[in-house]
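**Q**
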Amino acid sequence: MTIKSLGNPFSEKTDLRHGADCGCHACTAPAGTDPARMSREDMLDRAVESAIVRSVFGQSDIGRRSFMGMLGGSTVAAALASVFPLDKAKAAILDDLGPPEKTDLNIGFVPITCATPIIMAQPMGFYERYGLNAQVIKTAGWAVARDKSLSGEYDASHMLTPMPLAMTLGAGSVAQPYIMPAVENINGQAIVLSNEHLDKRDPTQWKGFTFGVPFEYSMHNFLLRYYVAEFGLDPDVDIQIRVVPPPEMVANLRAGNLDGYLSPDPFNQRAVWEGIGFIHILTKEIWEGHPCCAFAAPLSFAQELPNTYGALLKSIIDATQYASNPENRKEISAAIAPTNYLNQPVPVIEQVLTGTYADGLGEVKQVPDRIDFDPFPWHSMGVWILTQMKRWGYIEEHVDYRAVAEQVYLAADAKKVMEELGYDAPDVTYKTHTIMGKTFDPAEPEAYVSSFAIGKG
Numbered sequence: 204m205t206i207k208s209l210g211n212p213f214s215e216k217t218d219l220r221h222g223a224d225c226g227c228h229a230c231t232a233p234a235g236t237d238p239a240r241m242s243r244e245d246m247l248d249r250a251v252e253s254a255i256v257r258s259v260f261g262q263s264d265i266g267r268r269s270f271m272g273m274l275g276g277s278t279v280a281a282a283l284a285s286v287f288p289l290d291k292a293k294a295a296i297l298d299d300l301g302p303p304e305k306t307d308l309n310i311g312f313v314p315i316t317c318a319t320p321i322i323m324a325q326p327m328g329f330y331e332r333y334g335l336n337a338q339v340i341k342t343a344g345w346a347v348a349r350d351k352s353l354s355g356e357y358d359a360s361h362m363l364t365p366m367p368l369a370m371t372l373g374a375g376s377v378a379q380p381y382i383m384p385a386v387e388n389i390n391g392q393a394i395v396l397s398n399e400h401l402d403k404r405d406p407t408q409w410k411g412f413t414f415g416v417p418f419e420y421s422m423h424n425f426l427l428r429y430y431v432a433e434f435g436l437d438p439d440v441d442i443q444i445r446v447v448p449p450p451e452m453v454a455n456l457r458a459g460n461l462d463g464y465l466s467p468d469p470f471n472q473r474a475v476w477e478g479i480g481f482i483h484i485l486t487k488e489i490w491e492g493h494p495c496c497a498f499a500a501p502l503s504f505a506q507e508l509p510n511t512y513g514a515l516l517k518s519i520i521d522a523t524q525y526a527s528n529p530e531n532r533k534e535i536s537a538a539i540a541p542t543n544y545l546n547q548p549v550p551v552i553e554q555v556l557t558g559t560y561a562d563g564l565g566e567v568k569q570v571p572d573r574i575d576f577d578p579f580p581w582h583s584m585g586v587w588i589l590t591q592m593k594r595w596g597y598i599e600e601h602v603d604y605r606a607v608a609e610q611v612y613l614a615a616d617a618k619k620v621m622e623e624l625g626y627d628a629p630d631v632t633y634k635t636h637t638i639m640g641k642t643f644d645p646a647e648p649e650a651y652v653s654s655f656a657i658g659k660g
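Per my numbering, the very first residue in the sequence shown carries number 204; after that it's consecutive.
1) Give the list of continuous alpha helix (DSSP H) stretches no shorter than 4 residues that lie fully inside the segment 533–570.
2) Counting only runs that start and end within the segment 575–601, where is the alpha helix (DSSP H) found for 4 or more residues in a row?
3) With 16 as the cutoff for other CB atoms within 10 Å, does K659 come out buried or exposed?
4) What would DSSP say about I321, mapped onto helix, strand or coil?
5) Curious, which full-length alpha helix (DSSP H) runs of at least 4 residues does the segment 420–505 contain?
6) Between which two residues does the beta strand (DSSP E) holding S397 run?
7) Output the boundary residues of the alpha helix (DSSP H) element that contains Q524.
8) Which residues bound the alpha helix (DSSP H) around M366?
9) So if DSSP puts N336 in a beta bridge, which residue, or which two residues, is it bridged to?
10) Distance check for Q569 and R349, CA to CA, integer angstroms please.
11) Could you tell me which of I310, T316, R404, I638 sits nearest to Q472, measuring between CA atoms?
12) Please report the residue range of the beta strand (DSSP E) in which Y381 lies.
13) Could you check the C-alpha separation between G640 and L335 for me, to the nearest Å?
14) Comparing alpha-carbon positions, which option in L485, C495, A281 lies nearest I588?
15) Tell me whether Q610 is buried or exposed, calling it buried when 16 or more other Cβ atoms sit within 10 Å of its Cβ.
16) With distance defined between alpha-carbon atoms, name the residue in T642, G558, V586, A614 nearest to A393.
17) Hey, would you say D358 sits closer than 7 angstroms to I657, going by beta carbons?
18) What did DSSP end up calling G640 once you bin it into helix, strand or coil?
19) Identify, in the order they occur along the chain, each residue of the same chain with its Cβ nearer than 7 angstroms to the Cβ of I535, setting aside the five sequence neighbours on each side.
20) Throw me the rounded Cβ distance for the P501 and S654 pair, which I believe falls under 8 angstroms.
21) Within a Cβ cutoff of 7 angstroms, which residues of the same chain sit near I382, ignoring the five residues on either side of it in sequence?
22) Check this for me: beta carbons of P384 and D616, under 7 angstroms apart or not?
23) When DSSP labels each residue in this structure, what does I296 get in the three-state scheme?
24) With respect to the alpha helix (DSSP H) encompassing V611, which residues constitute its N-terminal and C-terminal limits?
25) List the whole-angstrom C-beta distance separating V607 from T371, where the pair is believed to meet the contact cut-off of C-beta under 8 angstroms.
26) Indicate whether G344 and P448 have their beta-carbon atoms separated by less than 7 angstroms.
27) Give me, in chain order, the residues of the same chain whose beta-carbon lies closer than 6 angstroms to that of V586; leave out the 5 immediate sequence neighbours on both sides.
28) Would you report the Cα separation of H601 and Y560, rounded to the nearest angstrom?
29) Are the segment 517–524 and the segment 448–463 touching by the rule of at least three beta carbon pairs closer than 8 angstroms?
30) Between G513, E477, S360, which has its C-alpha nearest E720's C-alpha?
31) Beta strand (DSSP E) containing V416: first to last residue?
32) Are the segment 572–586 and the segment 404–419 touching by the rule of at least three beta carbon pairs closer than 8 angstroms?
33) Under 7 angstroms Cβ to Cβ from V339, same chain only, skipping five residues before and after it: list those, please.
34) Quick one: measure Cβ to Cβ for E304 and T511, integer angstroms, because I've assumed they're closer than 8 angstroms.
35) List the endpoints of the continuous alpha helix (DSSP H) containing K618.
36) According to DSSP, simplified to helix, strand and coil, what is M327?
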């Protein structure tokens, strides 16, 4: 589908034939540009709308344009809608996009419990259910996942929720439009300290500590920075933050290269299992319900392979909803434990997914939502992530927070698929969030950035 099929069918000035003499904005724009900056959903809606209107006029574009000129496009649109339910027609057509254009897919994942829906969808048959032969490929770390996605080696990938925002903006990599239609997990992280620091559980005592995070553009980095700054520490001055691939966290803690880390599981629980670290705090205690990982892909993937994209999104959301049921967690733990997936002892994974776990301080905790699974990509969460990128100098230029969040986090796609599969979905995409007792209002992002005493500049 190209931009030239997307003119307004209710305008007498638009020639939907797009012949050699067409003077519309789309046809006179330089090749390779997208002047309308339409989302995938808008493009599909417009194409369906155009097809319906053209069929009403017997494919006579001259007749259509003349009629629109006499009565006005808005009048015709209203009249047509009164006798022909355009919205329902769009939904029916979009729901029946046909078989996937491409069935053999490569999907990257980093071996952490945040990737549970993406991983489990292979051994538990969710990809197959929607006509896909998807192979999930274990990836060493986030830089590798990013680069293999950018190169096209991966069709889609498990990513950290800040990554598609950063990649779209060109922060830390070449700029390429990315989409994130589904969150993988909420909560599910922790700050772990070495057992050598059992007497330093007050963050004000952490000056000079070295912490690991899995990637710069990660919730782990931004939550760690937020947490220590609330205790008066400047994360760029008072502590050192190193990027360490998640599978290497435990070994670095054991070797003394790290004093602690804010990491995805199962490596927090693995440190306790190995007897070398303890859980200082779960990140859900910093921000209840915060996003962490997600399913993401280049925008071109959804545009060029819409049926495949739709089938893959259904697979992921269906698996995510299955994982959200606590009764399924032990079954899932066994499915994702093998070497080609997480390569972890089943009891370690079960402690994470069930929330019944040893904390390394002699207690067994019961926190059922230590990790949870909710696919809806709130635009307000995207805005919060962008405020932290701005706060810590990862982006310096002006950013239109809402526009970027809405371009990348495809909440409408998630809502549509969730409802198709019989799951509840929010009717709004923005809400306030509370982080360590402070309310974040997504309507005032710049004021929020300016409200902190510690930050870049």
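We put the beta carbon where it would ideally sit given N, CA and C, even for glycine.
**A** From the atom records:
1) Under the rule that a run must span 4 or more residues, the alpha helix (DSSP H) segments found entirely inside the segment 533–570 read 549–557.
2) Within the segment 575–601, complete alpha helix (DSSP H) segments of at least 4 residues are found at 582–594, given in chain order.
3) Counting every other CB atom within 10 Å of its CB across the protein chains shown gives K659 a total below 16, marking it as exposed.
4) Helix, per DSSP.
5) With a minimum length of 4 residues, the continuous alpha helix (DSSP H) runs that stay inside the segment 420–505 are 422–433, 452–458, 470–476.
6) Going by DSSP, S397 is part of the beta strand (DSSP E) stretching over 392–397.
7) Counted as a single uninterrupted DSSP element, the alpha helix (DSSP H) harbouring Q524 occupies residues 509–526.
8) M366 -> alpha helix (DSSP H) spans 365–372.
9) Bridge partners of N336: D307.
10) Q569 has its alpha-carbon roughly 35 angstroms from the corresponding atom of R349.
11) The shortest C-alpha to C-alpha distance from Q472 to any of I310, T316, R404, I638 is the one to T316.
12) DSSP places Y381 in the uninterrupted beta strand (DSSP E) bounded by 381–386.
13) So the two alpha carbons sit approximately 44 angstroms from each other.
14) Closest option to I588, judged by alpha-carbon separation, among L485, C495, A281: C495.
15) Classification of Q610: buried, given that the 10 Å Cβ count is 16 or more.
16) When only C-alpha atoms are compared, the closest one is G558.
17) No, they are not a contact pair.
18) Secondary structure of G640 (DSSP, three-state): coil.
19) Cβ within range, chain order: T319, M323, A526, L556.
20) For P501 against S654, the beta-carbon gap comes to about 35 angstroms, at or over 8 angstroms, which does not count as contact.
21) For I382, where only same-chain residues beyond five positions count, the Cβ hits under 7 angstroms are P367, A499, A500, L502, A505, V611, L613.
22) In contact: P384 and D616 (Cβ atoms closer than 7 angstroms).
23) Unreliable positioning characterises I296 in this predicted model, as indicated by a pLDDT of 46, which lies under 50. The coordinate reading is nonetheless provided below. Residue state, collapsed to three classes: helix.
24) Counting along the chain, the alpha helix (DSSP H) containing V611 begins and ends at 604–611.
25) The pair is a contact, with the Cβ atoms about 7 angstroms apart (cut-off 8 angstroms).
26) Closer than 7 angstroms, so yes.
27) Excluding positions up to five away in sequence, the list reads Y604, A608, P645, P648.
28) The C-alpha of H601 lies about 44 angstroms from the C-alpha of Y560.
29) Under the Cβ criterion (8 angstroms, minimum of three pairs), the segment 517–524 does not count as touching the segment 448–463.
30) Outside the modelled stretch of the chain, which goes from 204 to 660, sits residue 720, for which no answer is possible.
31) From DSSP, the beta strand (DSSP E) with V416 extends over 413–416.
32) Short answer: they don't touch.
33) Around V339, the same chain offers I310, F312, I321, I322, Q325 as residues with beta carbons nearer than 7 angstroms, after the five sequence neighbours per side are excluded.
34) 5 angstroms between Cβ atoms; contact.
35) Where K618 is concerned, the enclosing alpha helix (DSSP H) stretches over 614–623.
36) M327: coil per DSSP, three-state reduction.
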